[in-house]
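The structure under discussion appears below in the form of structure tokens.
Residue numbers (my numbering): 1 to 804.
Okay, structure coming up:
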């Protein structure tokens, strides 16, 4: 057995908690002790006799808790040699001989062969046998409907409860006393015809059974467990005996753990309720994994439990992450998600987890923000709640993570990080003052003038020194940022553009100084805006080998995006790509020699570029948010070594709202704002890298003179660059042609328009204007006349000499 198992089985049961916490004035209250809190000094801490966690009950102002082993180790969770020394100390307190563990043998604790454990094992064998009986046909059918094969059922420990009297009779035949059976917790009339499964601890000892009904709507609870009065325990999460790895996923349901294990995911544990218990938290603290990810059900209870458990676990040494419940999309829990999308999709989903403090900030925002715009009262309430929350964080490592919370709040409120940090600094200063007042009042109560005088002198000395605050809340002075500023400037020296050039539309590069920041391209239907987005993205990759691309499509499948990419790179139409060339008359030969060469070259090029491309669609990724996209960008950069990145969103108005926000985002205006905020969130972490957002616009004509039409795009005004792709009106087309020819526009312009249109139609070509409606940073911009050829699937700047 290993050292942890030795401590849990041979030392802990024999420890007198009063001797361990001998300086905290423990008072026996039956099932628990009350004690002095080591932090606030109030006699309001408590310790359950079957627990190892001492907690302060003054949650609003203290919230301190500590495990037994950490208390022995001066407040630190012991690891390595420290844990060995702590166990030795506890052996002395318990009067147990310390036995050096044998780490070479298989980590295993022999089952305690007492009569109760043997009875439970025999009960399990009896239920497993019953599952194969004719009476259990409905139970087997239920399990098969949930995806469990007959082969898997034999590997796992599913059983069937045929009835309390049947169980009693069979166990009595094995020699067990009726009194032992009745007191064991398994004699239950309400378990009749339910599926049962054992709940084991790390050593494999059965600590409980759960029984689940198999009929959709039944009276009573879905799950029933052995009562604590009959020896049932939930001291460790379900699935503890299978746990591997140093990163743990916490789920709600038993079937979630079993389904994940069936898919070879063995780092999941179930709380068996919406939220983790104090005992289960204690077990996790003892195991001390590197990280925990909360992955609760996609319902209101799961959302509440997620936030509640963040509050519980935030002061532990474990890194805490959250898989937001709405990431499950249409699935209600991990079991159903794996059934629909497979384990690979679940593992990809877990990779998109967010920091618990970021999720906490999102919960605060959803509570206080009632409309699209913040009111002053809402902002004050939000900041007050955030400050009250950070006041409960005592763990230094978790304090260092607070920027996750502040960054999210800064983004959602439009406030600066500096402003929020100032609020935090003032709050910490006020807390410190209140703490000093309390200390002075306690000293005054003790009635010792000498002690009071010494304290006042000490505090007066502190006032002569500048107050030091948590370094994570300090904003650097400008002088500290100048080195970084010079480094950024140096990175631009000798270059042509700030952003990433795409080269095929040179004027666009000139006007925007390369593709960069948040670029919105709006176009009415059938103007090939997707083709323009794909062309820009691929040209950026071709001319910038240090860049990678994440293409997000809400309208097409991944294969359809690949079709469009092949068409552009090969310079052919989609019809030609799919069905062959109408120029090729030979039977069985589908392309001309030139077309075949173009196809082969494009396939080779796309394969090379494809190493730097990820495509997200709603089939491969059911839930897409800004966080999901940024995670994919980070993964792609890490895999390819790319220094810069391109994101394309196609298209904005199709971006689906997560189900848990449907009750908050009620109007079209709010929905448009949410979508644009997602795009802005992408831009914030894409400094001078392009986020190209395609969106649909009304059929715009003469937009310069039509303010009403422009107002329909008002929600896009927060972009850095707003481009509108539209066809030329007849008079604009004639004017452009006659200007090229050196003539002035006359009344006969319609005749010229007709000639130009006939000419363009014969060549399967259209002329559009790419109008730069908005450009940040004072960029001087003008309209760009472009042509699109449906034969070559390409946009080019208009060159009348080539068209003539």
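Glycine residues also receive a C-beta, built at the ideal position from the N, C-alpha and C atoms.
Proximity winner among the options, relative to residue i (alpha-carbon distances)
i	options	result
residue 597	615, 606 and 570	570
residue 120	137, 719, 563 and 159	159
residue 728	721, 186 and 737	737
residue 19	71, 346, 3 and 201	71
residue 650	550, 351, 52 and 643	550
residue 613	680, 654, 137 and 558	558
residue 156	181, 69 and 125	125
residue 221	194, 529, 198 and 201	194
residue 692	717, 671, 638 and 652	652
residue 694	688, 501 and 523	523
residue 656	672, 643, 646 and 645	672
residue 229	244, 208 and 759	208
residue 253	287, 288, 286 and 302	302
residue 13	93, 527 and 168	93
residue 527	37, 793 and 131	793
residue 623	346, 288 and 486	346
residue 627	639, 263, 26 and 675	675
residue 529	115, 795, 173 and 130	795
residue 320	353, 338, 741 and 329	353
residue 771	56, 422 and 722	722
residue 272	223, 285, 588 and 7	223
residue 667	24, 370 and 172	370
residue 733	758, 713 and 714	758
residue 22	797, 378 and 38	38
Cβ-Cβ distance between residue i and residue j below 9 Å
i	j	result
residue 96	residue 10	yes
residue 349	residue 318	no
residue 696	residue 625	no
residue 293	residue 340	no
residue 515	residue 508	yes
residue 225	residue 231	no
residue 553	residue 560	yes
residue 384	residue 334	no
residue 519	residue 720	yes
residue 33	residue 49	yes
residue 69	residue 83	yes
residue 372	residue 669	yes
residue 211	residue 187	no
residue 243	residue 281	no
residue 637	residue 645	yes
residue 787	residue 766	yes
residue 206	residue 117	yes
residue 521	residue 784	no
residue 36	residue 29	no
residue 762	residue 573	no
residue 137	residue 130	no
residue 542	residue 503	yes
residue 344	residue 337	no
Whole-angstrom C-beta distance between residue j and residue i, which should lie under 8 Å
i	j	result
residue 355	residue 404	4 Å
residue 247	residue 290	6 Å
residue 717	residue 774	7 Å
residue 499	residue 513	6 Å
residue 595	residue 576	7 Å
residue 331	residue 305	About 17 Å; that fails the 8 Å criterion.
residue 127	residue 196	5 Å
residue 143	residue 153	6 Å
residue 390	residue 402	6 Å
heavy atom of the ligand MN below 8 Å from residue i C-beta
i	result
residue 77	With respect to the ligand MN, the structure offers nothing, as it holds no ligand at all.
(message) Does the contact criterion of 3 or more C-beta pairs under 8 Å hold for the segment 261-275 versus the segment 227-239?
(response) Two segments are said to touch when three or more pairs of C-beta atoms, one from each, lie closer than 8 Å; by this definition the segment 261-275 touches the segment 227-239.
(request) Counting only runs of 4+ residues fully inside the segment 546-605, write out the alpha helix (DSSP H) ranges in chain order. (result) 558-570 and 574-579
(request) Would you list, in sequence order, the uninterrupted beta strand (DSSP E) runs of no fewer than 3 residues that lie entirely inside the segment 674-702? (result) DSSP runs (the beta strand (DSSP E)) wholly in the segment 674-702: 690-696.
(message) Extract the residue ranges of the beta strand (DSSP E) inside the segment 759-803, only unbroken runs of 3 or more that lie entirely within it.
(response) 765-775, 784-789 and 794-797
(request) May I ask you to verify whether the segment 356-364 touches the segment 406-413, counting CB pairs closer than 8 Å and requiring at least 3? (result) yes
(request) May I have a chain-ordered list of the alpha helix (DSSP H) segments no shorter than 4 residues that lie completely inside the segment 130-217? (result) 137-145, 150-155, 164-173 and 178-182
(message) In chain order, what are the residue ranges of uninterrupted alpha helix (DSSP H) at least 4 long that sit wholly in the segment 43-104?
(response) The qualifying runs are 68-72 and 81-94.
(request) For the segment 72-88 and the segment 324-344, state whether three or more C-beta atom pairs, one from each stretch, are separated by less than 8 Å. (result) no
(request) Return the chain-ordered ranges of every alpha helix (DSSP H) run that is complete within the segment 311-346 and spans a minimum of 4 residues. (result) 334-341
(request) Starting from the N-terminal side, write out each stretch of the alpha helix (DSSP H) that is 4 residues or longer and does not extend beyond the segment 378-427. (result) Entirely contained in the segment 378-427, the alpha helix (DSSP H) runs reaching 4 residues are, in chain order, 396-399 and 403-413.
(request) Ignoring anything shorter than 3 residues or poking outside the segment 484-538, list the beta strand (DSSP E) runs there in chain order. (result) 517-523
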